[in-house]
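>
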Amino acid sequence: VGELRYGLGIWWRLAGARARAQLQYPASFALLCAASLVGPAVDLVALRVVFANTPALAGWTSAEVVLLFSLTGLTFWTADAVVGAVETLPQRIKDGTFDALLLRPVPSLVQVSADGIAFRRFTRTALALVLVPVALARADVAWTPARAAALVAALVAGFALFAAVFVTTSAVAFWLVDAREFGNAFTYGGAYLGSQPLDIYAAWLRRFVTYLLPIAFAVYLPVAYLLGKPYAGGLPRGAVALTPLVALACVLAAGAVWRGGVRHYQSTGS
Amino acid sequence: VRLWWEIAKRSYARHSTYRVAVLAGLFTNLFFGFVRAYVLLEVHRHNPDAAGLSPREAVTFVFATQALIAAVGIFGTFELAERVRSGMVAVDLYRPVDVQAYEAAAEAGRAAFQLVARAVPLLLVGAAAFGVTLAPLHLLPALLVSLALAVVVGFAINFLLNLSAFWLLDHAGVGAVGIMTATLLSGLAIPLGYFPAPLDTVTRALPWAAMLQLPVELMVGTHRGAADVALVLARQAAWAVALLALGRYVLRRATRKVLVQGG
């Protein structure tokens, strides 16, 4: 625990330094903030277009899918902003700057994710913080304590799970340095997949995101529970209670993969 | 012409070196292909002939767009913008070689490789998983012309985005907006036919439609008559010429600025 606090403290300091650096050019920073919102805007437009052609997707109304989308967005975009910079790992391995990080007495994961942090990405978190309450109001939820707990679980577990996916897929670079795009399928692809009701997918894909890459637990199960909808694939109603455990397991697994990668790392050599 | 051919050939060779990167990209295209296909299939369950497409044509559309993303360069490359930022572009301008033509030749080589390496396997997997419908074989020459024009339009748009670095130095903002605009308006996020009228017609008339929407319509077999096909090709060609000309003009303006900056 002491180590964790130390790591978080360093992360905070490094991120603060980056924040001051990025605010040195306020106009450019403001433009980049606005540019970061174009991606979510495009996703929302595409969602509107889908619902211009059909009143419901697998029994989910437009308002319900928007809730799924905005909660996935809130957790995924925040994870992207906080640890998404691990995606620079392949570049660091190639140009040899990763070696320098290993010399410092700070966990390499903290350094890689804090050093490349792009504060403009937090505008998406802000956008999601506006979208989620609106979507909750429109989706007409019959609140109970258990449903409120499911919402909290979705927020925490979603963030942890997506962060774990970023770290794990980036750590692949320790073994395969050119496979950067491979991670995109699971990070951006995973978030895209998870922002639709999983009921629409074939059984093999649903099983994959339930048991292997458990994105289903991140947001879909809690939101389906919140809305009183049956789960895709007939999982038992109580499965949502596993969400925190699944998220914790994923975080531990991601940490193990990262440490294994660092141990395997042999520098570029010359 | 010999020079451009050699540049294109070397660019092809350069991109074919990174086998693992190609496989990783292919995997990502496939993943998105499956997810998007399931979304559209669900739409077609409620609304069987949405966008004037059969379910099978909709799936073909999705896999064809995924197959062509890399070739037409939806996600762009910003090597030129990086060189502008670092000042290396001075060396490019100093050579007795036309910058736009040089970049275009390199892009042609890259696109040809991506077409071979990604388009074919993606369509095969799509066909194996869902079944696809393709245009009749006698339209193949027209389709190839259309693909070439799509690559040119993609290049021309990307070239303009890169040139913005001469004024803004940092390409991150323009690049992000450019990529997302292309994602929506090329028919990648969702085929333009699903847009409610009149947005379907409006978006089809914009240049980004020439990158994916129009060639994929040909590939799926939406256009069969000779006049229909010719009209699509003419549209793409018009955008290609207009955007290339704009690129030349902007490059000239940019070059003048570099000379001023260099004092």
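So the sequences go chain by chain: A and B.
The first sequence lines up with residues -2 to 267 when you count with this note's numbering.
The second sequence lines up with residues 6 to 268 when you count with this note's numbering.
Virtual Cβ for every residue (Gly too), placed ideally from N, Cα, C.
None of these values were measured; they are calculated from a predicted model.
Note down, in chain order, all residues in the stretch 185 to 215 of chain A with a beta-carbon under 8 angstroms from any beta-carbon belonging to chain B.
Of all residues in the stretch 185 to 215 of chain A, G186, Y189, L190, Q193, I197, Y198, A199 and L202 have a Cβ within less than 8 angstroms of some Cβ in chain B.
> Residues in the stretch 124 to 152 of chain B with C-beta within 7 angstroms of chain A's C-beta atoms, listed in sequence order?
Correct list: empty, as no residue qualifies.
> Shorter than 8 angstroms from the beta carbon of A/D175 to some beta carbon of chain B?
Yes - at least one Cβ of chain B is within 8 angstroms of the one on A/D175.
> So with CB distances below 7 angstroms, who are the chain D contacts of B/E47?
The structure shown contains no chain D; its protein chains are A and B.
> Using alpha carbons as the reference points, say which of A/A244, A/A55, A/G13 and A/A38 lies closest to B/R189.
According to the sequence as given, residue 189 of chain B is Leu; it is not Arg. For the residues A/A244, A/A55, A/G13 and A/A38, the minimum Cα distance to B/L189 belongs to A/A38.
> Tell me, please, whether the CB atom of A/V127 is closer than 8 angstroms to any CB atom in chain B?
No, its Cβ sits nowhere closer than 8 angstroms to a Cβ of chain B.
> Looking at the unbroken alpha helix (DSSP H) that takes in A/Y189, where does it start and where does it end?
Taken as a continuous stretch (DSSP letters only), the alpha helix (DSSP H) holding A/Y189 covers Y185 to G191.
> How would you list, in chain order, the residues of chain A whose beta-carbon sits under 8 angstroms from the beta-carbon of B/P201?
Under the 8 angstroms cutoff, chain A gives V46 and A49.
> When you compare the CB of B/A185 with every CB in chain A, is at least one pair closer than 8 angstroms?
Per the sequence shown, the amino acid found at residue 185 of chain B is Met instead of Ala. Judged by the 8 angstroms Cβ criterion, B/M185 is in contact with chain A.
> DSSP three-state call for A/T58: helix, strand or coil?
It is a strand residue.
> Check each candidate in B/A210, B/G159 and B/L251 and name the one with the smallest Cα separation from B/I74.
When only C-alpha atoms are compared, the closest one is B/G159.
> Following the continuous alpha helix (DSSP H) through A/D112, name the residue where it begins and the one where it ends.
Looking at the DSSP string, the run of the alpha helix (DSSP H) that includes A/D112 is S105 to D112.
> Hey, out of B/V25, B/H51, B/N34 and B/A72, whose CA is closest to B/P220's CA?
The candidate whose alpha carbon is nearest that of B/P220 is B/A72.
> Applying the criterion that 16 or more other CB atoms from any shown protein chain within 10 Å of the CB defines a buried residue, is A/A253 buried or exposed?
It counts as exposed.
> Are the C-beta of A/A220 and some C-beta of chain B separated by less than 8 angstroms?
The amino acid occupying residue 220 of chain A in the given sequence is Val; Ala does not appear at that position. For A/V220, the answer is no, since every Cβ of chain B falls outside 8 angstroms of its Cβ.
> Can you tell which of A/A55, A/G231 and A/L34 has its C-alpha closest to the C-alpha of B/G178?
Checking every option, the nearest Cα to that of B/G178 belongs to A/L34.
> Just the Cα atoms here: how many angstroms apart are A/L1 and A/L158?
Straight-line Cα distance between these residues: approximately 18 angstroms.
> Once DSSP output is grouped into helix, strand and coil, what is the label at B/A259?
Here B/A259 sits in helix by DSSP.
> For A/L232, collect the residues of the same chain with a Cβ closer than 8 angstroms to its Cβ; drop the 5 residues on either side in sequence, then sort them by chain order.
Same-chain partners within the cutoff: T207 and L218.
> Specify whether the stretch 44 to 53 of chain A and the stretch 39 to 57 of chain B touch according to this definition: at least 3 beta carbon pairs, one from each stretch, less than 8 angstroms apart.
Yes: the two stretches touch, three or more of their Cβ pairs being nearer than 8 angstroms.
> Could you tell me whether any Cβ in chain B is nearer than 8 angstroms to the Cβ of A/G36?
Chain B, which has a Cβ nearer than 8 angstroms to the Cβ of A/G36, makes this yes.
> Under 9 angstroms between beta-carbons, which chain B residues line up against A/A182? List them in chain order, please.
Result: A29, F32, T33, N34, L35, F36 and F37.
> For B/L85, which option in B/V64, B/V137 and B/Y107 has the closest C-alpha, if you only look at C-alpha atoms?
Per the Cα distances, B/Y107.
> Quick one: residues in its chain with C-beta nearer than 6 angstroms to the C-beta of B/L120, no 5 flanking neighbours on either side, listed in chain order?
Hits under 6 angstroms: A76.
> Give the residues of chain A in contact with B/H51, contact being defined as C-beta atoms less than 9 angstroms apart.
Residues of chain A passing the Cβ test: N50, T51, P52, A53 and L54.
> Determine the chain A residues that contact B/V188 at a beta-carbon separation under 7 angstroms, and present them in chain order.
Just to set this straight, residue 188 of chain B is Thr in the shown sequence, not Val. In chain order: V39.
> Could you check whether B/S191 and B/G152 sit closer than 8 angstroms to each other, using their CB atoms as the reference points?
One detail in the question is off: residue 152 of chain B reads as Leu in this sequence, not Gly. No, they are not a contact pair.
> Identify every residue that forms a DSSP beta bridge with A/A53.
Beta-bridge pairing links A/A53 to A/T58.
> Smallest Cα separation from B/V64: which of B/F32, B/L128, B/L8 and B/R90?
Ranking the options by Cα distance to B/V64, first place goes to B/L128.
> How close, in whole Å, do the beta carbons of A/V129 and A/L195 come, if the pair is a contact with beta carbons under 8 angstroms?
Wrong, their Cβ atoms sit about 20 angstroms apart, outside the cutoff.
> So, using beta-carbon positions, are A/G230 and A/R203 closer together than 8 angstroms?
Contact flag set, yes.
> What does the alpha-carbon distance come out to for the pair B/L251 and B/V6?
Computed Cα separation, rounded: 22 angstroms.
> Which chain B residues are close to A/E178, counting only those with a beta carbon under 8 angstroms from its beta carbon?
The answer, in chain order, is A26, A29, G30, F32 and T33.
> Using a C-beta to C-beta distance shorter than 8 angstroms, which residues of chain A count as neighbours of B/A55?
In chain order: N50 and T51.
> Along the chain, where does the alpha helix (DSSP H) containing B/P101 start, and where does it finish?
Unbroken run through B/P101: none, as it is neither H nor E.
> So, do the stretch 185 to 201 of chain A and the stretch 56 to 74 of chain A have three or more beta carbon pairs nearer to each other than 8 angstroms?
The stretch 185 to 201 of chain A, when compared against the stretch 56 to 74 of chain A, does touch it at the 8 angstroms Cβ threshold.
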